[in-house]
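Take a look at the structure below.
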Amino acid sequence: MSRAPDTTLFPPVQAPTGTTRLTAARAADYGTHQATFGRLPAHTDSDALLAALRDSGLEGRGGAGFPAWRKLAAVPARERARRRRVVVIGNAAEGEPLSQKDATLLLRSPHLVIDGLLTVAGALGTHSVYLYAQASVLEAVGRALAERADAAGIELREAAESFISGEASAVVNALAGREPVPQDRTVRLTESGLGGRPTLLHNVETLAHIALIARFGAAWFRSVGTKGDPGTRLVTVGSDGHPSTVLEVAGGSRIGDVLRFTGVDTGTLSAVLVGGYHGAWLPAYALEARLDRADLAGFGANPGAGILMGLGERRCPITVAAAVATYLAGETAGQCGPCVNGLPAMAAVLGRLARGDRDPGLPGEVRRLAAIVTGRGSCNHPDGTARFVLSTLTVFADDVAAHLAGHCRKDHR
Ligand code: SF4
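See below:
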């Protein structure tokens, strides 16, 4: 005799539609989470999860935009088959000062992140699971973990507070009790990471999307967004250096639309910094570009960790950029030549330009230093800093010329 499906075990839930997905629950507690999203499905195996992630097109939301399925596939098959070997880490270090999305997600929808960790860990048959998060959210996340028995094995650890604290090998160093700085890696973390074990590290927003893909599938994930940027993403929007709002937007949304939705008057901007301090400037005339790789590639930008920071047209962009470059030069681990020597020198030359030094060789010197540091560090900090500085010289070429001519009349604070 056939049995009727047990609908009480997995009560049918309407999948969230539109752009309110990660933010669909009206409260952060576990009861509201389950009522909104339904229960987490039984664990699948790593091959099935890998296939679902590949079909979804989900890219990592931590900044690099690496396809989520490729990370899982990078764990050697023999290690995926050996249960209990792999270490899974949820990364919410969010050292980028312009980003607030990971902290906001953990405060608003912590159980989606927990579900994502359990989904990945379950597929790999491991109980070694860490959640690495800023001090400001530890208490709230700890409360969420305590609400559910299935999360008892997740270890919550406080993230170091520095720009580079979220770099994958820096996270592994921190969890191993070492200094939280990147390390030169010839072997991938997915082969040998924490304690010499294969280690899979995902940004927490990526994990939250994985939790929803595990429930509602790849086709559902792709039902919002564009072909090249499926699903939704969290974006931190602000202006003049101050993050102000985090919102969830459809993939491929037009940047001008996102800014205006949060109340930014795009008519008063000279440019928008896309992707944070390792990102690039998008000039005002290009604000109707989509927040996806294809539209941003021509500006050397990508969606990164979803940061949009408007710059008011009255502010001097060279002064702003010099301050950022100086900050980045001070945020290195101080263990590689490009960071010890190159970044401070590059910031200093940009600072001279900002302060009114009219030496016509300054822009060329910045470019020379940027070329020297690029590709020479153990992590991408020199590359990201050089990208930001070069973007400044390109997008604000008129302002550079005004400085060299002594004509800049903008606000130099
Ligand atoms: S490149 Fe810079 S930030 Fe990266 S590991 Fe080397 S010194 Fe540290």
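Per the UniProt record's numbering, the sequence shown starts with residue 1, numbered consecutively. We put the CB at the ideal spot given by N, CA and C, even for glycine.
Would you check whether the ligand SF4 has a heavy atom nearer than 8 Å to the C-beta of Ser-165?
One-based indexing of the sequence shown puts residue 165 at position 165. No, Cβ of Ser-165 sits at least 8 Å from all heavy atoms of the ligand SF4.
What did DSSP end up calling Asp-399 once you bin it into helix, strand or coil?
In the sequence shown, residue 399 corresponds to position 399, counting from 1. Note: Asp-399 maps to helix in three-state DSSP.
If you run the structure through DSSP and keep just helix, strand and coil, what is Leu-201?
Taking the first residue of the sequence shown as 1, we reach residue 201 at position 201. For Leu-201, the secondary structure class from DSSP, reduced to helix, strand or coil, is strand.
Leaving aside the five residues before and after Ala-347 along the sequence, list all residues of the same chain whose C-beta is less than 6 Å from its C-beta, in chain order.
Along the sequence shown, one-based indexing puts residue 347 at 347. If we look at Ala-347 and ignore the five residues flanking it on each side, its Cβ neighbours are Ala-325, Thr-326 and Ala-329.
List in chain order: all unbroken alpha helix (DSSP H) runs of 4+ residues lying wholly within the segment 242-316.
Assignment of alpha helix (DSSP H) within the segment 242-316, counting only whole runs of 4 or more residues, yields 255-261 and 293-296 in chain order.
Those residues which DSSP pairs with Ala-90 across a bridge
Position 90 of the sequence shown, counted from the first residue, corresponds to residue 90. Reading off the sequence shown, one finds Gly at residue 90, where the question assumed Ala. According to DSSP, which records beta bridges pairwise, Gly-90 is partnered with Leu-131 and His-202.
Are the Cβ atoms of Thr-266 and Thr-245 separated by less than 9 Å?
Looking up residue 266 in the sequence shown gives position 266. Looking up residue 245 in the sequence shown gives position 245. No; because the gap between Cβ atoms is not below 9 Å, this pair is not in contact.
So what's Arg-178 in DSSP terms, helix, strand or just coil?
Here residue 178 corresponds to residue number 178 of the sequence shown, with the count starting at 1. Three-state DSSP puts Arg-178 in coil, outside helix and strand.
Could you say if the segment 13-25 and the segment 164-183 meet the contact criterion of at least three C-beta pairs nearer than 8 Å?
Three or more Cβ pairs closer than 8 Å define a contact, and the segment 13-25 falls short of that threshold against the segment 164-183.
Please report the distance separating the alpha-carbon of Leu-291 from that of Gly-276.
Walking along the sequence shown from the start, residue 291 turns up at place 291. Walking along the sequence shown from the start, residue 276 turns up at place 276. The straight-line gap separating the alpha-carbon atoms of Leu-291 and Gly-276 is approximately 13 Å.
Within 8 Å, do at least three Cβ pairs link the segment 132-145 to the segment 158-166?
Touching, per the Cβ criterion.
Reduced DSSP secondary structure (H/G/I, E/B, other) of Glu-139:
Your numbering for residue 139 matches position 139 in the sequence shown. Glu-139: helix per DSSP, three-state reduction.
Can we count residue 427 as close to the ligand SF4, meaning its CB is less than 8 Å from some heavy atom?
Not covered by the structure: residue 427. The range shown for the chain is 1 to 413.
Helix, strand or coil at Ala-323 [DSSP, three-state]:
Here residue 323 corresponds to residue number 323 of the sequence shown, with the count starting at 1. In the structure shown, the three-state DSSP call for Ala-323 is helix.
Are His-33 and Arg-84 touching if we call contact CB-CB under 9 Å?
Within the sequence shown, numbered from 1, the residue matching residue 33 stands at position 33. Within the sequence shown, numbered from 1, the residue matching residue 84 stands at position 84. Not in contact: His-33 and Arg-84 (Cβ atoms no closer than 9 Å).
When DSSP labels each residue in this structure, what does Ser-239 get in the three-state scheme?
For the purposes of this step, residue 239 is taken as residue 239 along the sequence shown, with counting starting at 1. In the structure shown, Ser-239 sits in a strand (DSSP, three-state: E or B).
To the nearest angstrom, report how far apart Ala-140 and Gly-193 are at their CA atoms.
As a first step, residue 140 must be located in the sequence shown, where it is residue number 140. As a first step, residue 193 must be located in the sequence shown, where it is residue number 193. One alpha carbon belongs to Ala-140, the other to Gly-193, and they sit about 28 Å apart.
CB of Val-141 to nearest heavy atom of the ligand SF4: below 8 Å?
Residue mapping note: residue 141 aligns to position 141 of the sequence shown, counting from 1. It does not: the Cβ of Val-141 is nowhere closer than 8 Å to a heavy atom of the ligand SF4.
Assuming contact is defined by CB atoms lying nearer than 9 Å, are Val-204 and Asn-91 in contact in what I supplied?
Locating residue 204 in the sequence shown gives position 204, counting from the first residue. Locating residue 91 in the sequence shown gives position 91, counting from the first residue. Contact: yes.
Return helix, strand or coil for Ile-154, following the three-state DSSP convention.
The count along the sequence shown starts at 1 and reaches residue 154 at position 154. Here DSSP, grouped into helix, strand and coil, assigns Ile-154 to strand.
Taking C-beta to C-beta, are Val-171 and Ala-121 nearer than 9 Å?
Position 171 of the sequence shown, counted from the first residue, corresponds to residue 171. Position 121 of the sequence shown, counted from the first residue, corresponds to residue 121. Inclusion of Val-171 and Ala-121 in the CB contact set at 9 Å is not warranted, their separation being larger than that value.
Helix, strand or coil: which one does DSSP assign to residue 422?
A query on residue 422 cannot be resolved here, the shown segment of the chain reaching from 1 to 413 and no further.
Alpha carbons only, please: which of Leu-287, Pro-317, Leu-273 and Ala-386 is nearest the one belonging to residue 438?
Beyond the ends of the chain as shown, which are 1 and 413, falls residue 438; an answer cannot be given.
To the nearest whole angstrom, what separates the beta carbons of Val-235 and Val-249, a pair I think is in contact under 8 Å?
As a position in the sequence shown, residue 235 is number 235, starting the count at 1. As a position in the sequence shown, residue 249 is number 249, starting the count at 1. With 8 Å as the limit, Val-235 and Val-249 qualify as a contact, their Cβ atoms being about 5 Å apart.
Less than 9 Å between the C-beta atoms of Ala-305 and Glu-167, yes or no?
Indexing the sequence shown from 1 puts residue 305 at position 305. Indexing the sequence shown from 1 puts residue 167 at position 167. By the CB criterion at 9 Å, Ala-305 and Glu-167 fall outside the cutoff.
Should His-381 be counted as a contact of the ligand FAD given a C-beta to heavy atom distance under 8 Å?
The ligand content of the structure shown is limited to the ligand SF4, which means the ligand FAD is not among them.
Would you give the residue range spanned by the alpha helix (DSSP H) that Phe-37 belongs to?
In the sequence shown, the residue the question calls residue 37 occupies position 37. Here the alpha helix (DSSP H) through Phe-37 covers 30-37.
Rounded straight-line distance, which links the Cα of Gly-298 to that of Leu-117:
As a working note, residue 117 is residue 117 in the sequence shown. As a working note, residue 298 is residue 298 in the sequence shown. The alpha-carbon atoms of Leu-117 and Gly-298 are separated by roughly 35 Å.
Buried or exposed for Thr-268, going by 16 or more other Cβ atoms inside 10 Å?
As a first step, residue 268 is located in the sequence shown; it is residue number 268 there, counting from the start. By the neighbour-count criterion, in which a residue is buried when 16 or more other Cβ atoms sit within 10 angstroms of its Cβ, Thr-268 is exposed.
Just to confirm, does Glu-345 get its C-beta within under 8 Å of one of the non-hydrogen atoms of the ligand SF4?
On the sequence shown, position 345 is the one that residue 345 refers to. It is worth fixing the name first, because residue 345 is Ala in this sequence and not Glu. Checking the Cβ of Ala-345 against the ligand SF4 gives no.
What is the residue span of the alpha helix (DSSP H) that Ile-164 lies within?
Residue mapping note: residue 164 aligns to position 164 of the sequence shown, counting from 1. Taken as a continuous stretch (DSSP letters only), Ile-164 belongs to no alpha helix (DSSP H), as it is neither H nor E.
Entirely within the segment 60-89 and at least 3 residues each: give me those beta strand (DSSP E) ranges in chain order.
The segment 60-89 contains no whole beta strand (DSSP E) run of 3 or more residues.
Report the three-state DSSP secondary structure of Asp-411 (helix, strand or coil).
Locating residue 411 in the sequence shown gives position 411, where the first residue counts as 1. Looking at Asp-411 - three-state DSSP - the assignment turns out to be strand.
Over the uninterrupted alpha helix (DSSP H) stretch that includes Ala-48, give me the two end residues.
Here residue 48 corresponds to residue number 48 of the sequence shown, with the count starting at 1. Per DSSP, Ala-48 belongs to the alpha helix (DSSP H) from 46-56.
Can you tell me which of the three DSSP states Leu-234 falls into?
Looking up residue 234 in the sequence shown gives position 234. Looking at Leu-234 - three-state DSSP - the assignment turns out to be strand.
My output table needs one value for Arg-355: the three-state DSSP class, helix, strand or coil.
Counted from its first residue, the sequence shown places residue 355 at position 355. In the structure shown, Arg-355 sits in coil (DSSP, three-state: anything other than H, G, I, E or B).
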